[in-house]
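One structure below.
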Amino acid sequence: MVQIPKTPASSAPRSVPTSADVARLAGVSRATVSYVLNNSSAVRISEPTRRRVHEAARELGYVPHAAARSLRAGHSRTVLMPAPGFPVGPLYSRFIGELQWALGRLDYTVVQYGTAGPQGDDAARAWAELRPVAVLVPGSGLGPQGVEILKRSGARAVVTFGPEPVDGAHALLMDHEAVGHCAGRHLYDRGRRRIGVVLPAEPGLEVFSAPRLEGVRRAVRGTDATVTELHLAYEEHSAARLAARWRSLGLDAVFAYNDEYAMLLMRALQDEGVAVPAETAVIGADDLMLGRLLRPRLSTVHLELPSGRSLAALVDRAVHDPGAAPERHEVLGATVVHRESS
32 MVQIPKTPAS
42 SAPRSVPTSA
52 DVARLAGVSR
62 ATVSYVLNNS
72 SAVRISEPTR
82 RRVHEAAREL
92 GYVPHAAARS
102 LRAGHSRTVL
112 MPAPGFPVGP
122 LYSRFIGELQ
132 WALGRLDYTV
142 VQYGTAGPQG
152 DDAARAWAEL
162 RPVAVLVPGS
172 GLGPQGVEIL
182 KRSGARAVVT
192 FGPEPVDGAH
202 ALLMDHEAVG
212 HCAGRHLYDR
222 GRRRIGVVLP
232 AEPGLEVFSA
242 PRLEGVRRAV
252 RGTDATVTEL
262 HLAYEEHSAA
272 RLAARWRSLG
282 LDAVFAYNDE
292 YAMLLMRALQ
302 DEGVAVPAET
312 AVIGADDLML
322 GRLLRPRLST
332 VHLELPSGRS
342 LAALVDRAVH
352 DPGAAPERHE
362 VLGATVVHRE
372 SS
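Using the numbering used here, the first residue of the sequence shown is number 32, and each one after it goes up by one.
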């Protein structure tokens with residue numbers, strides 16, 4: 032049996048450094064420390080002084096107290112982002128990373144909130160307990176009542192990402208139907224008439240896949256083309272099963288929801304001996320770099336998401352002017368990038 036050594040008795044806990052300690056070490060006033068560490072522009076402070084304050088804070092291990100800063104300002108600097116209730120891909124992850132960086136540059140602290148627990152307006156009550164100054168809500172589910180709950184708790188900005196605006200909230204409107212329309216029109220113009228559309232089996236993605244399917248249908252409405260729904264889980268076995276019955280479906284093209292599903296299905300089709308694009312044209316969406324490395328190279332719909340900087344600027348405007356009318360912006364541009372797979 033292994034003997035676990037006893038931990039020696041710890042010494043008395045070290046006192047928490049204060050702004051007064053930083054001020055003494057840097058040779059400045061506590062007010063100067065506050066101005067420097069809170070990135071205040073109210074007072075001009077020389078660069079050498081700023082360096083001394085930052086060096087003293089690092090040496091002492093001092094960080095500003097967020098709650099105290101919130102009390103002085105009358106609101107927090109916390110931006111809450113509920114984690115999406117759906118699988119996110121590389122494109123969305125890059126967007127969120129840029130947004131967090133841009134908000135950090137504006138001196139906001141971004142906190143992601145887990146998806147477990149209540150949803151919709153009930154979730155808004157849980158978010159409100161943290162007293163964020165802004166809440167950025169991906170997907171759908173939040174309603175006007177939830178927006179009101181957040182505003183009454185002190186949130187100065189509520190921003191939603193989705194196909195429809197929500198009363199009282201700023202809205203980034205994402206037209207996913209346009210993505211499907213681009214793909215469907217491209218396949219039709221390339222002479223394809225029996226078009227399959229992949230609908231991911233994973234829960235939460237129907238808010239995006241349903242309008243993309245409708246976009247394909249709208250693109251070929253009134254023509255001799257047909258559209259077939261194809262349900263596919265993001266796993267090799269599911270793709271292999273679909274590929275095994277592909278020729279019986281009689282399809283000559285497929286819009287595979289996005290690049291990840293397109294690459295999964297294209298590999299399975301090739302393993303089954305289905306020639307791409309000779310027998311079946313394939314197109315995805317998102318324009319991921321990996322799609323350019325495949326053979327044949329993957330055709331795709333390039334999506335133009337808003338920049339993280341522009342969204343951070345919207346949040347900052349709303350925080351400084353919470354009474355302003357909610358802004359609404361259409362932010363999802365879609366253009367086809369034609370490559371060898373179609």
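Cβ coordinates follow ideal geometry from the N, Cα and C atoms, glycine included.
These figures come from a predicted structure and were not determined experimentally.
Membership of threonine 366 in the beta strand (DSSP E) is indicated by the continuous run 364-368. Arginine 225 sits away from leucine 273, with the two beta carbons spaced by 8 Å or more. Closest by C-alpha distance to alanine 312, out of Asp318, Arg323, Pro327, is Pro327.
For methionine 112, the uninterrupted beta strand (DSSP E) run begins and ends at 109-113, by DSSP.
Annotated as proximal: alanine 264 and glutamate 233, with beta-carbon spacing under 8 Å. Cβ contact annotation for glutamate 260 (same chain, cutoff 7 Å, sequence separation greater than five): Val228, Leu230, Leu244, in chain order.
Within 10 angstroms of the beta-carbon of aspartate 52 lie 16 or more other beta-carbons, which makes it buried. By the neighbour-count definition (other C-beta atoms within 10 Å, threshold 16), glycine 253 is an exposed residue.
In the structure shown, the three-state DSSP call for serine 269 is helix. The three-state reading of DSSP puts arginine 359 in strand, counting E and B together. Here tryptophan 158 is buried, its C-beta having at least 16 other C-beta atoms within 10 Å.
For glutamate 260, the enclosing beta strand (DSSP E) has its first and last residue at 257-263. Secondary structure at valine 59: coil, using DSSP grouped into helix, strand and coil. In the DSSP assignment, the residues bridged to threonine 331 are Val368. Per DSSP, the unbroken alpha helix (DSSP H) holding tyrosine 292 starts and ends at 290-302.
Take the alpha-carbon of valine 346 and the one of valine 190: they are about 8 Å apart. With contacts defined by Cβ atoms closer than 8 Å, valine 247 and glycine 215 form a contacting pair. Within its own chain, the residues whose Cβ lies closer than 6 Å to the Cβ of serine 50, once the five positions on either side in sequence are excluded, are Arg61, Val64, listed in chain order.
For the pair of segments examined, the region 117-134 was found not to touch the region 149-156: the number of CB pairs separated by less than 8 Å stays below three. Bridge pairing for leucine 203: Phe192, His360 [DSSP]. Unbroken alpha helix (DSSP H) stretches of 4 residues or longer found wholly inside the region 117-191: 121-136, 151-159, 175-183, given in chain order. Across the set Ala87, Val67, Ala88, the C-alpha of Val67 shows the shortest separation from the C-alpha of glutamate 78. Between valine 258 and tyrosine 219, the CB-CB gap reaches or exceeds 8 Å.
With 16 or more neighbouring CB atoms inside 10 Å of its own CB, proline 113 falls in the buried class. The three-state secondary structure of valine 285, taken from DSSP, is strand. 8 Å or more divides the Cβ of histidine 217 from the Cβ of histidine 333. The criterion of a C-beta distance shorter than 8 Å is satisfied by alanine 293 and leucine 329. Here the region 353-365 lies against the region 186-206, with 3 or more beta-carbon pairs under 8 Å apart.
Residue burial annotation: proline 175 is exposed, with fewer than 16 other C-beta atoms found within 10 angstroms of its C-beta. In this structure, the CA atom of glutamate 358 is about 21 Å from the CA atom of threonine 109.
With a cutoff of 8 Å on beta-carbon distance, proline 48 and serine 107 are scored as not near each other.
Contact between glycine 120 and asparagine 289 holds, with the beta-carbon distance rounding to 7 Å and staying under 8 Å.
Within the same chain, and ignoring the five residues on either side of arginine 223 in sequence, the residues whose Cβ sits closer than 6 Å to its Cβ are Asp283, Ala284, Ala312.
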